[in-house]
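Trainee: There's a structure below that I have some questions on.
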């Protein structure tokens, strides 16, 4: 069982002394509506060096739109994946970790109870983050990807249960400002369930497109992003499994390798 990770700089429960930053082993888990992802890394001169990783489609939010709860099957799949994560973290000697849960656990009536069970069975403690924090993390994670020519940036984070759209403005000194954002209650899992379309056909696809366009339209009407696109100084950055899947299809990759 994995216990005693550092939390906000506090000492571990096992009483071991704190190490210098460059001696720590860090882990991050992103538990979404569709996927469970783990990264384990150690500091290096370039920033961080990834030493282990794990990703599994667990579909935690399957059936959530209809029932309002996480299903028993989805819970079991997810806990199985988190046991794998716990094993990797323990073997790698992780002593600092941040583990977050997003839209599925935010919406589900039994989301908090599920995470209490996760902690009891795996030793991993999760926090349910709000859309503000989800946007902030995507924004911070994408900052190193901003090109020098960009004056404005659209960051699109497509998840399983929600999609975050951010509008950044770049100052002349290169600093970036998050000027507007919106969290839309739609993702790759929730859209399919909303339209009852396990096998997406032309009609259901067009309905989905219209539904998403209507939601984005409200944000666009307020902030007018579209008028800046022809200028050629707007960079678009996509993050999440949906974007990497589309990139893999475009590049004709036999399998995805981060």
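Numbering (our numbering), first residue to last: -9 to 248.
Just so you know, even glycine gets a beta-carbon here, dropped at the ideal spot from N, CA and C.
1. Any chance the segment 74 to 82 sits against the segment 163 to 183, with 3 or more Cβ pairs inside 8 Å?
2. With DSSP as the reference, please indicate the residues paired to residue 20 in a beta bridge.
3. When you compare each of 107, 97 and 137 to residue 121 by their alpha carbons, which one comes out closest?
4. State the CB to CB distance for the pair residue 144 and residue 224, rounded to an integer number of angstroms; the pair is presumed to be in contact (CB under 8 Å).
5. Below 8 Å on the Cβ atoms is my contact criterion, and I expect residue 235 with residue 149 to pass it. Report the Cβ-Cβ distance as a whole number of Å.
6. Under three-state DSSP, which class holds residue 158?
7. In terms of DSSP beta bridges, what is residue 225 paired with?
8. Whose C-alpha, out of 217, 133 and 72, is nearest the C-alpha of residue 229?
9. Distance, Cα to Cα, residue 87 vs residue 244?
10. Compute the Euclidean distance between the alpha carbons of residue 89 and residue 72, then round it to the nearest angstrom.
11. Please report how far the alpha carbon of residue 100 lies from the alpha carbon of residue 52, in whole angstroms.
12. Give me the residue from 218, 213, 182 and 214 with the minimum Cα distance to residue 201.
13. Please go through the same chain and pick out, in chain order, the residues whose beta-carbon is closer than 6 Å to the beta-carbon of residue 209, but skip the five residues on each side of it.
Mentor: Taking the definition as stated:
1. The segment 74 to 82 is not in contact with the segment 163 to 183.
2. BP columns for residue 20 point to 27 and 90.
3. Looking at 107, 97 and 137, the one whose alpha-carbon comes closest to that of residue 121 is 97.
4. Confirmed, about 7 Å.
5. The C-beta separation of residue 235 from residue 149 comes to about 13 Å, leaving the pair out of contact by the 8 Å criterion.
6. In this structure, residue 158 counts as strand in the three-state DSSP scheme.
7. Beta-bridge pairing links residue 225 to 143.
8. Looking at the Cα atoms, 133 is the closest of the given residues.
9. Cα-Cα distance, rounded: 32 Å.
10. If you take the alpha carbons of residue 89 and residue 72, they lie about 11 Å apart.
11. Cα-Cα distance, rounded: 14 Å.
12. Considering only alpha carbons, the answer is 182.
13. Excluding sequence neighbours, residue 209 sits near 172.
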